[in-house]
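Protein chains in written order, with this note's numbering: chain A, 1 to 548; chain B, 1001 to 1548.
In C-alpha cells:
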C-alpha cells in the first residue's frame, strides 16, 4: 500500500482555506497513485483552535465541509482519506480521526489521552474516549492514534501521566502498523525525545510507525513538522522537512524492511531555535494580515538578533529599524545600530526622543530638569514604544518587541515601553541563548552580521548615565540557570540553593520573578522555545503573597 | 451538633497568613462551644492557586502547615476541623476535603467533578476521584462534597456536564445532611441559580445542606461569600453576608426543622454588580501591596463610574483623578470631570497633554501640524497612559483602566493608551450597564454624584474634533445585545441575525470583535461580572482567519 502524508501549515479557523490545501494534497496523492491520503490532527480548523471550538457554528461548519467537499472526493472507490477533525457524539465533543471512504465516514477514532498541562487545554473542549479501535485502511488493519495517545508508554516513561495506554489495546487487536496524527509544538529537546519514543514503540510492538505532524506558527506555538517514519525494527526510514510543508509518500512494505531510505538531516539545538523563531515570526506576521515589521534598534544584542531573525523571515525590504537615541545613549549605540542595519540591508530611520522627553519633563517636573528616577527611565522606554506604535498605526507595520526571557522574568523591562509590540520574538530566549544565537547567525552568514561590538559590550538599558544590567541583576551566567530551575523546572528556592547558588541571590531573583507577574500578564505573545514559556503555558496569580 | 462555618477571604499563596485566619476562626468556634469548624475549598492556598500548585514546595508547605499547626489543635478530643486542601496520593494530586480529628487526618474526601471550562482549569492540576464516601463528623454521618461536586444533578440540569453525580452515591450511603466546601466566583445570575439548585437538592434528598463559599477578590474573580443553609424541606434558613468575611453557626437540628432563622437580605442585580466591583477593586489593590489608585478623568461616564467605585472601595483619600485635556477636549469635559471629583471628594490634578503632543508631532510629522489620522488619535491616548504610569511609578499609585466591555470587545480603545493600568475595573460591563450603574450610584447616594451632564451627553473619545462613538459604532442599545449573543452565548452570526438585527451590522460587529483579539491579549485583568468575561475565561487565537 502506498500512502501520501500531508504535512500542512493550516491557519487557525480558516476552514475553507485549509480545506483547499487538503483537496490539493489529495489530488496530488491521487496523481501519484496512492491508496490513502493522511492529514494531521484537527487539520481543517488548525491546531489549537481554542475557544473557536465553543462556537457551535464553527464545528458545524467544519463537519459540513467534510460532508459536502471531502466525502464526495472519495466516492467511486477513489482512495480514502484519514483526517483529524472534531466529532460530536451523544452531546459530547471528541478530538477524532475520521476515515472517509467511498463517500462515507467509515470509522471514527476518538482521542483517549487529552493533554491539559503546559500550553494545552484539551479537557476544556473534548471528552476523553475510553479506548481506540483498530482501523481498516484501504483494506489493511492499522492502529490510528491522535498525538498524545502515543505518549504514555509505561516502559518508556517512569511516571506516565495517564492511567491507560491506548496502544496496548490497539496492538492487542493485531495492528502491525501505527499512524499517528499529530499537532506537536516545538520546544528544545523535543525532536530527540520524539525520535527516541517512536523508535522504542516500533521495536516494542514490532510495528511500522508513521508520525505525521502539523507545521507552522500559530500565535506562541511553532509546529516544526519533521514528520517521521520508522520501520518495525525501530529504524528511522524517513524524516520529513522541518519548518515547511511537505507531501511525502510511504510504501507500507518499507515499514517492515531494513532502513534504506534517505532522510532529511537533523539539526542541532541552536539551528532549531533559529528556524523555529523564523517560522514563528513569518507565520504570525502574515497570518495576522501584515507583511512588514518595525522594531527599535538600540545597538544592543536583543534588538540586533530580532532584526536579523525578522530579515530572514520576511526579507530585508520588510524590516524597518528605528534608532531612538536619548541623551543617555552612548555614541557606540548609534554606530552599532547603523552597522547592524547596513549589515542586514534593512531600512532604518533615526528618531531622537529628546523633544518629547523634555516636553514630558516640563509637564511632570514643572521644569525640563530630570529627576533621574525609575519613572523617568520608564518614560523614555514608553516614548520609544509610542513612536513605534505610531509608525505601526500610520504605516501598517507590525511592531516586534525585542525583550528576552531573562529580563521578562525579573521585570527588567517597561510595560507599555519596550514591551510594546504585536509579537515578542525572543521572549522565551534566556539572555545567554541570545548571545549563542548571535554567534550562530554570524557563523551561518560567514561574516559579521551582528556587529562584534554589540556582542562584546556589557548589556545596558541606557536609561540613565553609565547604566549596566549588572547594576540591578546578577550576571547572566548566574541569573539564567536560577531562572531555568525556577521557571522551567518549578523547583523551590531551597532546592535551587542546594545546587550551589547564593541563598540571597536565589531569593532575590525569585522575588523579582514573582513581583513581575503583572507585567507579563500584559505582555505580547512570545514564541515558545523552552519547555516552559511565559504566557498560556504558565498561569500565575498576580494578587498573591510571597512567602520566600 | 453545633457547627461553626468560616467564610474567609484568603490571599492566594499566603499559606501562613491564611493559616492564621483559620486558627483564629477555630479558636472563636471553640469559645462558642461548637462540635466542628468548617473551612472553604483550598482554604490555605486560596482559590484559585493556579500554577503555584505546580511548585512542589508549595503543596508540601501546605501539608506541613496542616500537620504541624492544625492537627495538634484538634488533639485531646477538641472539635474536629473540616477543611479544603490539596492531597497527594499515589503520585496524583487531588482537590480534597480533610477531616482533622484528634490530632490525625481521619478521612479524605476527594473532589470527583473538576471544572475545566470558562475560568476554571482544575484538570490541569488535579485528578478526578471516582467517588465520594460519607464522612463521620463529630460522630454523625454526613455527605462532604467540594464545590462542583453538587452541580451535576440530572433532574435539575437538562444537560449535565459529567457522566456521574457523586451525590447519588453519598445519599445512597445514608447521608442526611450535606456540607459543600466551595470557592464559587460571582457572575450575574449566579446567586439565583445557586439558591434554586440548593433548595432543589435539599428537597430531593430530604437533607439539610450547608453551602460554605469563599469570599474576596482574587485577580479577575470576585468570590461573593453569601454562604447558604437549607433545611431538609428546601427552605433557606441562613444566608451569610455577601462580600465580607463571616464566621457563622448552624445547629444541625435546625437543618430538619421548619425555617425560622433570619437571613441577610438578597440584593438586586445592579447592587450585586456594585458590590462585586468594590470588593474586586479593594482586594486587587490591597493584595498587590498598593493602597491608592490614580485614574484619568475625561468627563465621560466610564471614568466617572470607575472613580466612584474606587472611592467606595478605598476611601476618597486614596483616589487621585488626573484631568488630561487636549485641544480636542470640549469645555464641558473639564467641568464635568471637576464636578465629579468634587462630588466624590477626591483629589485631582490637571495635566494638559498639548506639550508632549506637539513635541511628538514635530518629531513624527516634521512640523507641529496634525495629520488627524488614527495614529494621532492613539498617540493622545498613549500620552495620557504615559502620564498616569509616570505618576504610578513615581508616587506608587496603581493605575485603574476605565474601559468598558463594549469598547474592549470592538477594539474601540488604544493599546498602551487608555488600556493602561493594573486593573481594568469595568472591563466586563457593557456600556449600557455602565449607565445603569451610574444611575444606581446616584440613587444610592441620594444626590448627583455622577454629574447629570456626564450621563446625558453622547459618548465620545474626544480624540478628534466633534468625534462621537456613534460615528464608528452602532448605537449601544444595538451593539450591546449583539455582543452579548456573540461573546457570552457563543452564537453564530446567522443565529444572531435571526433575532432581528441587520446582517451587515452583526457581521461588522463580529469582525471588529475578532480583529481586536490582539489588544485584549495585552489588556489588564478585568473584574468578571457576566457569564463570559474577556481574559482567562475566553481563550482565542490571534493569528486566525475570519470566515464571516
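In this text, a Cβ means the ideal position worked out from N, Cα and C, and glycines have one as well.
Residue contact check for residue 17/A against chain B: a CB pair falls below 8 angstroms. Nearest C-alpha to residue 378/A among 1368/B, 1214/B, 1383/B, 1389/B: 1389/B.
For residue 1296/B, no chain A residue has a Cβ inside 7 angstroms of its Cβ, as the nearest lies near 14 angstroms away. Contact annotation: residue 1095/B and residue 1015/B have beta-carbon atoms that are not nearer than 8 angstroms.
Residue 315/A and residue 295/A have their alpha carbons spaced roughly 14 angstroms apart. The C-beta of residue 1406/B has 16 or more other C-beta atoms within 10 Å across all chains shown, which makes the residue buried. For residue 199/A, the three-state secondary structure derived from DSSP is helix. The beta-carbon of residue 1194/B is placed no less than 8 angstroms from the nearest beta-carbon of chain A. Proximity of chain B to residue 351/A at the Cβ level (cut-off 8 angstroms) is accounted for by 1363, 1364, in chain order. Taking a beta-carbon distance threshold of 8 angstroms, residue 59/A does not count as an interface residue toward chain B.
Counting every other CB atom within 10 Å of its CB across the protein chains shown gives residue 419/A a total of 16 or more, marking it as buried. With respect to the C-alpha of residue 1198/B, the residue from 1537/B, 1173/B, 1155/B, 1219/B having the closest C-alpha is 1155/B. Separation of residue 114/A and residue 147/A (C-alpha to C-alpha, rounded to the nearest whole angstrom) is 9 angstroms. If you look at residue 1034/B, you'll find it isn't in any alpha helix (DSSP H); DSSP assigns it neither H nor E.
The continuous beta strand (DSSP E) containing residue 1093/B extends over residues 1092 to 1101. For the set 509/A, 181/A, 149/A, 189/A, the Cα lying nearest the Cα of residue 276/A is the one of 189/A.
Taking 8 angstroms as the cut-off, the Cβ atoms of residue 1044/B and residue 1064/B do not count as close. At a C-beta separation below 8 angstroms, residue 12/A has these neighbours in chain B: 1541, 1543, 1544, 1545. C-alpha of residue 1302/B to C-alpha of residue 1426/B: approximately 8 angstroms in a straight line.
Nearest C-alpha to residue 1329/B among 1223/B, 1404/B, 1297/B, 1057/B: 1297/B.
The beta carbon of residue 464/A is closer than 7 angstroms to those of 328, 372, 377 in its chain, skipping five residues each way along the sequence. Per DSSP, the unbroken beta strand (DSSP E) holding residue 1182/B starts and ends at 1177 to 1182. The segment 337 to 351 of chain A and the segment 424 to 443 of chain A do not touch, with fewer than 3 CB-CB distances between them shorter than 8 angstroms. The C-alpha of residue 1545/B is placed about 28 angstroms away from the C-alpha of residue 145/A.
With 16 or more other Cβ atoms inside 10 Å of its own Cβ, residue 1522/B counts as buried. Residue 257/A is positioned such that its CB atom lies no closer than 8 angstroms to that of residue 228/A.
Membership of residue 1308/B in the alpha helix (DSSP H) is indicated by the continuous run 1301 to 1314. By the criterion of at least three beta-carbon pairs nearer than 8 angstroms, the segment 129 to 138 of chain A is not in contact with the segment 13 to 33 of chain A.
Rounded to whole angstroms, the gap between the alpha carbons of residue 1453/B and residue 1502/B is 31 angstroms. Counting only runs of at least 4 residues, the segment 246 to 294 of chain A fully encloses the following alpha helix (DSSP H) elements, listed from N- to C-terminal order: 269 to 287. DSSP, read as helix, strand or coil, puts residue 1126/B in coil. In this structure, residue 1006/B lies near residue 1038/B, with their beta-carbon atoms less than 8 angstroms apart.
Considering only beta carbons, the part of the segment 30 to 57 of chain A lying closer than 9 angstroms to chain B consists of 46, 48, 49, 50, 51, 52, 54, 55, 56, 57, in chain order. Across the set 1326/B, 1494/B, 1217/B, the C-alpha of 1217/B shows the shortest separation from the C-alpha of residue 1049/B. Counting along the chain, no beta strand (DSSP E) covers residue 50/A, and no H or E run does either.
Pairing residue 108/A with residue 448/A, the inter-Cα distance amounts to about 55 angstroms.
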